[in-house]
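Chemist: Under full-length UniProt numbering, the sequence shown has 106 at position 106, and the numbering climbs by one with no breaks.
Note that the Cβ used here is the ideal one computed from N, Cα and C, for glycine as well.
If you're wondering where the values come from, they're calculated on a predicted model, not measured in any experiment.
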Amino acid sequence: RSLPTLGILGFWDSCLSGKGEDYRGRISITESGNACQHWNTQFPHRHGWIPGRYPCKGLEENYCRNPDGEKRPWCYTTTSSVRWEYCAIPHCDETEQAACINKSLIHVILCV
């Protein structure tokens, strides 16, 4: 029998703490189901959140982010009639929130 491997997952990758300004997960769909526009494109919506200008904001791909301190992570949509929307990302429970804030704690997942 082989030994299980350990996977390490930062809580800030899987849930929200506070407004989610540190969220770095891969959700890229809004709460109403619209796909997110890539941060490095200006179509269909022109915007000023250029990844190269804000390297610490996590503006990779088309993932939901909160670069401006909104209520929670959001994205520009690929739907021309809907400029931006919030994303549906679960909030961390109390234990997870401590990890999100501290960031020196990690969550170990047993992968079998």
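If you draw a straight line from the C-alpha of Asn40 to the C-alpha of Asp93, how long is it?
Modeler: Start at 1 with the first residue of the sequence shown, and residue 40 comes out as number 40. Start at 1 with the first residue of the sequence shown, and residue 93 comes out as number 93. Distance between the alpha carbons of Asn40 and Asp93: 32 Å.
Chemist: Taking three-plus beta-carbon pairs below 8 Å as touching, is the stretch 60-71 in contact with the stretch 36-52?
Modeler: Because the criterion of three Cβ pairs below 8 Å is met, the stretch 60-71 and the stretch 36-52 touch.
Chemist: Are there any heavy atoms of the ligand MG lying less than 7 Å away from the beta-carbon of Ala35, as far as the coordinates show?
Modeler: As far as ligands go, the structure on display features none, and thus does not contain the ligand MG.
Chemist: Kindly indicate which residue of Thr79, Gly58 and Tyr76 has the alpha-carbon position closest to the one of Gly20.
Modeler: Indexing the sequence shown from 1 puts residue 20 at position 20. Ranking the options by Cα distance to Gly20, first place goes to Gly58.
Chemist: Quick one: measure Cβ to Cβ for Pro67 and Tyr54, integer angstroms, because I've assumed they're closer than 8 Å.
Modeler: For the purposes of this step, residue 67 is identified with residue 67 of the sequence shown, where counting begins at 1. For the purposes of this step, residue 54 is identified with residue 54 of the sequence shown, where counting begins at 1. Indeed they touch by this definition, with Cβ atoms about 6 Å apart.
Chemist: Cutting at 8 Å between CB atoms, please list the residues of its own chain near Trp74, excluding the five before and the five after it.
Modeler: The residue you call residue 74 lines up with position 74 of the sequence shown. Within the same chain, Trp74 has close Cβ partners Thr30, Cys64, Arg65, Asn66, Trp84, Glu85, Tyr86 and Cys87.
Chemist: Rounded to whole angstroms, what's the CA-CA distance from Ile50 to Phe43? Just pull it up for me.
Modeler: Along the sequence shown, one-based indexing puts residue 50 at 50. Along the sequence shown, one-based indexing puts residue 43 at 43. If I take the Cα positions, the gap works out to 13 Å.
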